[in-house]
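Let me begin by presenting the structure, written as structure tokens, before commenting on it.
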Amino acid sequence: MGRSLTAVVSILGLAAVTACTGGGAAGEKSAGGGAGGGVYTTIDGNKPGLDVNGPFNPWNPKGNSFQGFNAMRIAWSKNHLTDPNQFYPGIAASWDIAPDNSSITLHLHPDNKWSDGQPVTAEDVKFSIALAYTQGSTAFALDPGAAGAASDVEVVDDKTVKITQDMKNPSVTFVRGVMDSFVVPEHAWEGVLPADFWDKLETARGEGAEAEAARGEITALSEKVLAFGPPKDVSAGPFVLERMNPGEALLVKNKNFYNAANVGPDQVKLLNYTGNEQIWNYLTAGKLDNAPFTAVPADVMKRIVATPGNQVVKGYSPVAVGLAFNQSKKPYDDVHVRRGLAHLIDRAEVVKIASPEGGTAAVTTSGIHAKAAREWLGGELDALEPYNVDPAKAEEEFKAAGLTKKDGKWALADGKPWKVTIHIPAPFSDWVSAAKAITSQLTTAGVDAEVVTTADYPLYLSELAEGKYDLGFWLMALGPAPYNIYQRLYGGSNGWNILGGKVEHSAPGKNGNWMGGAETVDVEGVGEVNPGELTAKLNSVSGDEQKAVIGQLAKAANQDLPVIQLWDYVNTQFVNTNRFTGFPADDSDLLRQPSGVWIQLGMLKKKQ
Amino acid sequence: MALHRSRARAVAWRLAGHLARGFVMILVVTTISFLIIRNVPGNPLAARYEKLVEQGMAPDAAARAVEVLYGFMPQGSLWDQYVGYMSGLARFDLGESLMVPGSPVSDVLLSATKWTVLPVLAGTLLSFLVGVVMGVYAAIKRSGVLGDMLAISGSLLHGVPQYVLALLLGAIFTTLIPILPAGGTADILYEPGFDAAYIGSLIEHATLPVLTYALAGYGGWILAMKSSVVTVLGDDFILAAELRGMKRSIIFRYVARNAILPLFTILALSLGLLFGGSIFIERIFNYPGLGLMLIDSINNRDYALMGGAFLLITVAIIVANIVADLLYTVIDPRVRGEGETA
Amino acid sequence: MAAEQSSEQSSDRSSAPGVRIRGLSVVYRTGAGELPAVSGIDLDLPPGTITGVVGESGSGKSTLALSLLNAVQPPGRIAAGSVEIDGLGDVAALHGDGLRRARGRHIGYVFQAAQNSLNPLKTVGGQLLDLGRSHGMGRSHGPDDLRGLVREARGLLDRMGLDGARVLDSYQHELSGGMRQRVGIMLALVLNARVVVLDEPTTALDMITQATILRIIREVHEERGLTTLVITHDLGVVAEVADNLAVMYGGRLVEQGPTGEVLGDPRHPYTRGLLAAIPRLAGDIGEARALPGRPPTLDSVPADGCVFRERCALRMEVCETGRVPVVSWGSRTAVCHAVQGAREDVKQTVTAGTVTAGTAIADMGEEQA
Amino acid sequence: MITGTGITKTFSRRGGVLGGREVPALRGVDFAIEKGGAASFIGESGCGKTTLGRILAGLESHDSGEITIDGVPMSSLTPRRRQPYFRRVQLVHQDPYSALNPTRTIHQTLSAPLSLRARQMERAGTGRPRSWIGERAEELLSLVGLDPGYVLPRYPHQLSGGMRQRVVIARALTVDPEVLVADEAVSMIDVSLRLGILALLKDLRDRLGVSVLFITHDVATARYIGTDGELYVIYRGQVVERGPVETVISAPVHPYTQALLSAIPVLHGLETPGEQRVVPTEALDASRHDRGCLFAPRCPFRTARCESERPVLGHDGGTPQEHACFHPEARTVVAVPVSHS
Amino acid sequence: MSVTVVPAAGASATVRRNFWRGVWRVMRRKPSRMVGAAIVAGFALMGIFGPLLYPDPLPRDTQALYAPPSWRHPFGTDFEGTDVLALVVTGARYVLLTAAVTAVITVVLGTAIGLFSGFKRGRWDSVLMRLTDMKLTIPGLPLLLVLSTIWKFTGAIEMGLVLGLLGWGGVARAVRSQTLSLRERGFIEAARGLGLSTGHIVGRELLPSMAPYIAMNTLIAVTGAVYAQVGLFFLGVLPFEANNWGVMLNLAVFGGGALTTTAALPYLLAPLLAILLLTLGIVLVVDAMDEIFNPRLREE
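Residue numbers (our numbering), protein chains in the order written: chain A, 530 to 1137; chain B, 47 to 388; chain C, -16 to 352; chain D, 7 to 347; chain E, 83 to 382.
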């Protein structure tokens, strides 16, 4: 189905705020009337399928708030390879972070106004943080034991807010958590929250039954908040939504935006898409000034590049995909089987077939995207077992696991036939192709293999979590925060959960543990480690210690192979320079932000 | 006078009977959709949890956030849920969409319906007109090679599934000779309204879906009309009219009117059926109608929307059935006459 | 002769057109080539008379009826012969609009009662107006024509014992069989056609209705001064209504003459057999005799010799091949070798060999006139 | 021996939600057929005569009344046990085209009931050899005047109408019936062939002792089949006159019978019309009239009594035949043959 | 008494020979019918022997992904470099097997219900027909889509089972009306009057008379099943099946961009062409069907 790679894109957006966008100068036929700066045409990578009925609400997944355009965060994360605390200004013009991450003071743009003319104030920020509590977020979690949660929000003056971290259980992700918050106008959202919200919150952050009740009350607000939307768009971003139809959304420049003078386009047209092939069509027609991360087949790529003005921009995207094992199923509990399979999979070929433009074959399984791995691990990366294609080695490993070969086909130790079944969500056609390629490779090598698809991604995830699959594709290496990177391998899905600040391990099949790995791994050259605890540690440690932990985890992942890392995504974007200029170049950090951010920073200019 | 009154009464009774049957049918369909929907595995909440965790939210916080959404789903026994669901339906309350939180399902459906109804109507009427005319031609030329070709091409078009036609048209007009837009309803730059530019854009975007509907329907009409005309041509009264020296034009009118009569009921029925049959075409051309909505709701596990869409599609068919029958009653004096004797 | 037939004094009778069928042959294209359904028919319909044609299935009687309007349906066609109607000429030579106008205006056709000869979607009146418009009314002469037409139609229907106004307002399905047949007669006559062909006019009607319809046919025939042809398989119908009787078998006319004479003294073995095979209500029922064999079908009609010989008790060698002589005496004709041999006591005209039966009938016609 | 008393049947015609209306097809009909005898039912279409035939053949149920076959009242039996009795009554359909399965050869058509018969006889201890079925089929075809060698391997459409009707009769004979119900059995057959079929039925009466119940609108054929039998004249579901065939024809007393007989065309030249012909009033919509004598609206002799009271079948007025009329008067309506010189 | 004794066996043998000669005659009457029969036969053979023609697994050529049509690859290659023609040929088995299962279930169930309903009439008839009406009213494809969320269709047989269970309504309705009209025909009444068993009446008298309808419905059910199945795979709601026509369509459009660029176009067109060809074949055969089963038309 056509949701294919796009669905991955949207996850990427949510997961790591990777994103995209480029720009183009909008010299296009300006029928709507925005003469001056032209119409800038793009798609919102986070929102396949525009919904005319969606509310103006950034928390609502189908809401008509488009990040960087009419929806603003406090600041925009750079998603730096290793440092999560780098940002571009958003609602906040600047910020002071306490050296120990214990607090952050935000300074808002002094002359920033909402599109309805009201000033953007510190109260708006505080109100928005209150809303964030109802939705649950890292920095604004109700759970008193949550790591990296805020303990206090203080309006210092009209344009200054100070947020303090609860240092009982500090995390390096605190700042990032604060900055990621959306800001909405309090005056337009009146009545959504009860007047005594902050008192309730105070109670909720405590202990005991009363706190429990208060937490319940606050979370009960979640749906109300999620469903709310002001009758018309009130934006603090560079644009405000003018109108929509099922095919497109039209935004016009917000004259009150603090940097309005430098905003290039007068209008932004966001096109609807429900499948990748649509984006391809827009691109080959030269319609899009920017398309955020989009996977394309090779031939389509040729066609796109051939269109006048179209250019490809590539950057870092902190995400990779791996073939994950359910180790509670035989024979995948045996590390030799996993290693043997790793030796049979030709990752280069898989990438060539599945995602030639959107990924690079994983160097090896380290748990980290190769680019970030270079930064974190340096030379250690090369010391890891590369798992090159080597049927002989695979045979060795299989034999070590007690598998037998009969008539050229591998069978289980007990002589029963062995069939590798890889589950894939049907809509992700790159994954389908990849899985198909892998099964072909395995079958050629004498390992019977098949692909089974699941109708859609939600179902896939739930069945995966229920432990119904032997093997499945799994997104991993979600940077830049190191905890997030390894949380995918040694987090909840593998049994480790942080409860009340403590790491606890659940048995396979319990509490979402479907990977079913061992609680400790004997890592060559390191010794027995508990990877889950190491991962949790990444939250609090910093600097060299962090590097050391990551080194251990990389080795553990490399030897233990809970997943076979297949490829690292490449942030492949398209820009068209016929109408606009000033797009970010290859490898720019801005490639991981929506193009609305480029515009609000004043980068894009109409082509002269 | 009395005749007319008794006719009207007969039609009213007929309508009442239909409505009663339609009501039972809707009851059954809603029950089925309720049962199906309540048994769907893999819920959207798990997917949401996954997303939240990926966002970096602590798993327990994510679990709590999701639990909030669970409250959204009615708890309680299956029967309670059923009663709640049905009483909601009675108030035309189809629930709230999960995909578009905060939007009543009815609103979401309504906005999608027009994008299904307009192209379906246009395509069907187009195919009806062309098909009927060609059907007459095929009937007249039935013993010739041309008639054979028309009939076979009609059967083929009638037999081939919609998606094959949609894909072929798509391949031709968007890949080989890219002259038509591949999706959407209209260019946003044109302000919706009654002006040439907007309507032109609407038409341009609707061309491929409408063409597919038309082509898919055409085969059926040509076949139906051909066989209908052949039947009528064999009727005694046609020969009788000829032997009474009636003009060809009048005889042609006799043939056409008698032959087309049964087709009107099929037309009404097919309009109803096309609500459900639009899934492929809307999917392939990304046209935001009911079919695409149904697929989206399924992929998003949006139970309420899914049930609503399914219900709407079924109701369309039931209504079409009723309309077809009443239409038949109104236009065919033979059926109309039945009321008299009753 | 029956009372119904004694209306010689009818004023219009002399102006009724005569019809002369000569050498009429109709063939049908089949898988086995073109087969004759009617061959070499010579028949006169004297002006102002009712002629009945009797025949069983496959005798070609319906084809003959359609030929009178040059309306043989494909795959059949008139292969030879002519149908001359006074004041109209040879119908077989007419085509296109001329033929169309002749139908309805000059020649009326009444369908089998079992057939639905009315458009089910239109009222009788609506179809009547269509008929009028088809024949040039209402356009050049204004609506008065059509009003007159409706008046005429209502009059005819009233004459036949119906409520004309109500019938004109009815659809076919609202009429009973007897009513439909009267409407059929009305439509055949309303344009003042003087030659009327009735094809099985009472088949599928109940006995009492049949009697009524036959009476109406007779009366209307007299009143309007028509030349009428009744086609039927039922000797009783002909006996009841026709002045002259023609018997068809295997696509040929085998015997003809005044009804009473033919029935009272049938000469052709087929006519005799047929009469003997009909059980009667009075007299010795044991006299009824079945006719052996079965009627020929289109592909089993002998191409040469007598068509009836397969079933004939008097079959002779001479019957096998060649033409059968047409034997005429008085106003009667029979086509049979046996008749030729037996009828020495009667002054007869025998036309054998190359001479067609037509001349003999022509003689007969002259004698009558 | 089959008798019926008070046979009633009402059809309800569907008319939409309103429920339609009731159409009485038979209103208390009594009849009796002797072994080897003949009874003829005449009347116009829709008078109920066909329904009666179907009820007798077990193809239709009746609402009230009793049918007795060989002294056994059918109401005393379960439907399953009635079947063998009804099998002794075989229906010969009006339409020989639809009465034979077009996809089966005559051989197949005949052998199915014959093998059933063979099995029955086997059970009864009178087993027959395997070849019996084929022999019997040929025998029966010969009996109805067909050439088995020609007919057996053929499909119905390869036979003429008359041949088909003979096959239908042969098929009815496979189960050795006691009664043949011939429903308009010759009306769709060519005139010259009709008498052959009628003669066959008559012959079967004589040779096999089969009774014939003849249903027709044509009085003359009824007379041919059973001069010695009884004639029942039915009008709108009611027997209005009943008596020996010749009596009813030559001296009918019910005006309806008289009208029916008067309507028969006269073969002028061979016959002269009856002197007292009765022409009924044309009541085009008489079917709605349901009070008094059913024929009253059309009867030229009706009186006030006829409008309010319904006459019952009886010998009132001392007529030899039974009738249902308040004013019975024998009239000569049938044409008489011209005496030839 | 007759002279000729026609042995029963001889008669039916003649009948059978006549039947096939008649079929041949009907087929010859229009050359298009021969083409149709050839196509249908070709697909049947493909379904049976197709997978035997190619090695398993199908060879891949990763140097030629989405290769254009050539002599070696008449329809090019797919995303993995596998020959598209080979995919279509080997994929026919799954598609046709499902279709066959569906057709059998549809026709058997539909015929049984229709026959029962039409033959028994009365209460059973009303109940069954209400049920059928309901089945016909509930839109099939949406129902299938919704069902696919709770049901996993694994394997051709199960797929066919579900499609068959959803598809009998039309056949039941048609067979019932046929039964009702045949029931009134003289020969069925005669059979009942003769006391022939219901089994005989249904099996020997009714069914053969309905054979053309049933045969046509079978063929239509086959095409319907092919369409539904391929369509569901195309929409991606069914589990992946390596070489299945619908999966090919899906991957061609959504993975290969066949509606955007021409590279994957042959990959898209090959299964489309297969469906078109199959439809054409069946249309042409159905055209001949009526004449084949009508002894009169067969002999003319």
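Quick reminder that beta carbons are idealized off the backbone N, C-alpha and C, glycines included.
- Cβ-Cβ distances below 7 Å link C:Leu274 to Gly256, Leu257, Ala260, Arg294 in the same chain, with the five nearest sequence neighbours on each side left out; the list follows chain order.
- CA-CA distance, B:Tyr333 to E:Ala352, rounds to 25 Å.
- With 16 or more other Cβ atoms from the protein chains shown falling within 10 Å of its own Cβ, E:Phe161 counts as buried.
- When secondary structure is reduced to three states using DSSP, C:Val284 falls in the coil class, being assigned neither helix nor strand.
- Among the CB atoms of chain C, one or more fall inside 8 Å of the CB of B:Leu307.
- Distance from the CA of A:Glu995 to the CA of A:Ala765, rounded to the nearest whole angstrom, comes to 43 Å.
- Secondary structure remark: continuous alpha helix (DSSP H) runs of at least 4 residues inside the region 155 to 230 of chain C, in chain order: 160 to 172, 190 to 207, 218 to 224.
- A Cβ of chain B is located within less than 8 Å of the beta carbon of C:Asp113.
- Apart from the 5 residues on each side of it in sequence, C:Ser22 sits with its Cβ closer than 7 Å to the Cβ of Ser8, Gly234, Arg235 in its chain, given in chain order.
- Beta-bridge partners assigned by DSSP to D:Asp189: D:Ile221.
- A check of alpha carbon separations from E:Leu179 across E:Asn326, E:Met298, E:His282 identifies E:Asn326 as the nearest.
- Assignment of A:Pro837 by DSSP, reduced to helix, strand and coil, places it in the coil class.
- Per DSSP, the continuous beta strand (DSSP E) segment holding D:Gln96 begins and ends at 95 to 98.
- Per the C-alpha coordinates, the member of A:Leu1082, A:Leu993, A:Lys697 positioned closest to A:Gly1038 is A:Leu993.
- Taking 3 residues as the minimum length, the beta strand (DSSP E) runs contained wholly in the region 1077 to 1108 of chain A are 1092 to 1105, in order along the chain.
- Across the region 113 to 129 of chain E, CB contacts with chain B closer than 8 Å involve Ser114, in sequence order along the chain.
- B:Met180: not part of any beta strand (DSSP E); member of the alpha helix (DSSP H) spanning 151 to 186, first to last residue.
- Residues of chain A with a Cβ closer than 7 Å to the Cβ of B:Ala232 are, in chain order, Asn774, Gly776.
- Among the residues of the region 190 to 222 of chain D, those with a Cβ less than 8 Å away from any Cβ of chain C are Asp196, Val197, Ser198, Leu199, Arg200, Leu201, Gly202, Leu204, Ala205, in the order of the chain.
- Between A:Tyr1012 and A:Thr972 the beta-carbon gap is near 38 Å, outside 8 Å, which marks them as no contact.
- Counting along the chain, D:Ile139 sits inside the alpha helix (DSSP H) bounded by residues 138 to 149.
- Take the alpha-carbon of D:Ser81 and the one of D:Arg87: they are about 11 Å apart.
- Straight through space, the alpha carbons of A:Thr950 and B:Leu172 are spaced by roughly 49 Å.
- With a threshold of 8 Å between beta carbons, A:Val829 makes contact with chain E.
- Only buried fits A:Pro860, as 16 or more other CB atoms lie within 10 angstroms of its CB.
- Take the alpha-carbon of A:Asp612 and the one of A:Pro1009: they are about 7 Å apart.
- In this structure, A:Glu777 lies near A:Lys798, with their beta-carbon atoms less than 8 Å apart.
- Per DSSP, reduced to three states, the secondary structure at B:His251 is helical.
- The three-state reading of DSSP puts B:Tyr349 in helix, counting H, G and I together.
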